[in-house]
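Take 567 as the starting number for the sequence shown in this note's numbering and just add one per residue.
Cβ coordinates follow ideal geometry from the N, Cα and C atoms, glycine included.
Here is the structure we will look at, set down as structure tokens.
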Amino acid sequence: MQEMDLQGAVRGKVKRTTVSDKAQPCPRDHVNRDFQPARPNALWLSDFTYVATWHGFAYVAFVIDAFARKIVGWRASHSAETGFVLDALEQALHARQPVSNGQLVHHSNLGVQYVSIKYTERLQDAGIQPSVGSVGDSYDNALAETVIGLYKTEVIRRLGPWRSLEQLELTTLEWVDWFNNRRLLEPLGHILPAEAEAKFFELDDQAAMAA
């Protein structure tokens with residue numbers, strides 16, 4: 567379509583969220599579309615989306631642990647500056663307390679927020695290896711796109727219109743709790759993300775005791 571100068575029809579206004587900065591150094595792609603890590607805290611995926619409210623656009627960022635698709639951090643803001651995605655990362659770091667040994671990979675798109683100096687330095691301080699997909703290719707961060715797609719379908723389009731950021735934050739908080747602890751996911755064998763993680767740690771403890 568690009569070669570033929572064709573563009574698909576889009577309902578409503580197009581809002582561009584992934585804006586790259588060619589001046590910033592770009593980490594390698596350490597994921598290569600393999601979103602099936604062997605354990606929790608091996609691969610985190612980050613992305614954000616926009617939501618129209620009565621007071622302008624709001625932005626919602628997520629950090630997702632790829633092992634069980636559990637949302638481990640999120641943040642809503644009126645601004646799409648680096649600080650708001652950094653807040654989502656800080657929430658994930660506080661909730662998960664990952665070991666700072668370089669074995670946790672953080673994967674995102676090439677948005678300026680995720681390759682910024684502040685964000686890159688925070689990953690480095692936490693001992694997390696950055697990974698970035700290519701520009702304009704949703705498959706390079708497909709799992710994050712999938713979770714955000716569920717969020718937009720189950721929350722944003724179904725429960726809107728959105729009057730304020732505060733209303734959006736409260737509803738997102740409720741949805742994240744439901745998604746992690748009460749939503750059955752077919753890719754996990756129709757179990758909950760929290761249950762999938764609990765089963766992993768239970769088996770891991772049993773294996774350690776047997777050894």
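C-beta contact flag for A710 and S612 at 8 Å: For A710 and S612, yes; Cβs fall inside 8 Å.
According to DSSP, is L659 helix, strand or coil? L659 falls in the helix class under three-state DSSP.
Environment of W620 [buried if 16+ CB atoms lie within 10 Å]: By the neighbour-count rule (16 or more Cβ atoms within 10 Å), W620 is not buried but exposed.
N- and C-terminal bounds of the beta strand (DSSP E) containing L611: Judged by DSSP secondary structure, L611 falls within the beta strand (DSSP E) whose first and last residues are L609 to T619.
Considering only the alpha carbon of each residue, which of G639, P603, N667 and F614 lies closest to F745? That would be G639, whose Cα lies nearest to the Cα of F745.
When G715, I630, R594 and F623 are compared against P606, the one with the closest alpha-carbon: For P606, the nearest C-alpha among the options comes from I630.
How long is the line joining the alpha carbons of V713 and L739, rounded to whole angstroms? Their backbone Cα atoms lie some 15 Å apart in a straight line.
Who are F628's beta bridge partners in DSSP? Paired residue(s): D613 and W640.
Which term fits F767, buried or exposed, when burial requires 16 or more other beta carbons within 10 angstroms of its beta carbon? Exposed, by the Cβ-count rule.
Give the DSSP-derived three-state secondary structure of Q602 in the structure shown. In this structure, Q602 counts as coil in the three-state DSSP scheme.
How is the beta strand (DSSP E) around N696 delimited, first residue to last? Per the sequence presented here, residue 696 reads as Pro, with Asn not at that position. Looking at the DSSP string, the run of the beta strand (DSSP E) that includes P696 is I694 to V698.
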